[in-house]
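These notes are about the structure you will find just below.
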Amino acid sequence: MSNTPKPTSSFSSDAPADTTAEATEQRLRKAVHQYKPWTRAGLLERMFTAAFKGLVYPQIWEDPDVDLAVLELKPGSRMIAIGSGGCNVLSYLTADPAEVIAVDLNHHHVHLIRLKLAGLRHMPNYQCFFRFFVAAVDKDNPALYRRYLRAHLAEDTRGYWDSRDWLMRRRVELFKRNIYRYGLLGRFIAISHFGARLLGVR
22 MSNTPKPTSS FSSDAPADTT AEATEQRLRK AVHQYKPWTR AGLLERMFTA AFKGLVYPQI
82 WEDPDVDLAV LELKPGSRMI AIGSGGCNVL SYLTADPAEV IAVDLNHHHV HLIRLKLAGL
142 RHMPNYQCFF RFFVAAVDKD NPALYRRYLR AHLAEDTRGY WDSRDWLMRR RVELFKRNIY
202 RYGLLGRFIA ISHFGARLLG VR
């Protein structure tokens, strides 16, 4: 991308992985379920895993500058981090580490990070990247996906973004409807804003 340095560090979110919904469910059960389902703790565990099966964090609110200062990342550093929406792990690349390994139980996050990484590598300029990933409301964004990103994605990630919802809309069309309003975090924020307005709080 002209005007913006392309990532030169090794970034391991696009390494081979089982990124199916079934694999996500299996990993969540293994990581979270410790109590019988009829117990209070078991019920809370299953509520958590049910919520976490979908897209949770399309964006991250933690400040990566704080992470960079505390972790003291330098050229040649190697690190492993929870992938989540990808904002922070991609920000770590500005320190030019030798390798950043992003891991996540949730396959939605893995596919989102891979898409963002493809955008950094293959979109022609900052304006194009901003339009697609930051504003994320342009009706022509699916065309940008087909032109610049789709061919550079792993087969499973390409299939993820090409897949359709129950209204027959391709998943990549979230980038023309503001993807950041979706996912568990986006919906929680929207409900919180609605509740605040009902109470007269701004």
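According to the numbering used here, the stretch in the sequence shown is residues 22 to 223, in order. Every residue, glycine too, gets a C-beta built ideally from N, C-alpha and C.
Paired residues, beta bridge with residue i - DSSP
i	result
R185	R191
I134	DSSP output for I134 lists no bridge partner at all.
Nearest candidate by alpha-carbon position, reference residue i, set the options
i	options	result
T70	R61, H54 and I81	H54
R198	I101, Y169 and N162	N162
T115	R142, L94 and R191	L94
L138	L89, M68 and Y113	Y113
I134	A175, R152, L165 and A72	A175
A52	R61, P58, W59 and E66	E66
G107	L220, A90, D177 and L76	L76
H132	A90, T45 and K160	T45
E83	V222, I103 and R218	I103
Y169	G221, L141 and P85	L141
Cutoff 8 Å: residue i Cβ touching any chain C Cβ
i	result
R192	Absent from the structure is chain C; it holds one protein chain and no more.
Spatial neighbours of residue i in its chain, beta-carbon cut-off 6 Å, leaving aside the 5 residues before and after
i	result
G97	A119
R99	A119 and E120
G63	Y56 and K57
Sequence-distant residues of the same chain with beta carbon closer than 7 Å to residue i, five excluded per side
i	result
Y201	P79, Q80, A157 and G207
R179	R171
P195	The sequence given here has Leu at residue 195, not Pro. Taken in chain order, the residues that qualify are Y203.
S105	Y78, I81, D125 and H130
R48	L126
Delimiting residues of the beta strand (DSSP E) encompassing residue i
i	result
V53	Counting along the chain, V53 falls outside any beta strand (DSSP E), though it belongs to the alpha helix (DSSP H) covering A42 to V53.
Delimiting residues of the alpha helix (DSSP H) encompassing residue i
i	result
R61	R61 to F73
S112	C108 to S112
L92	P85 to L92
L165	N162 to L165
Beta-carbon contacts of residue i that lie in its chain and below 8 Å, excluding the five residues immediately before and after
i	result
A42	K74 and H128
R185	R191 and R192
M189	none
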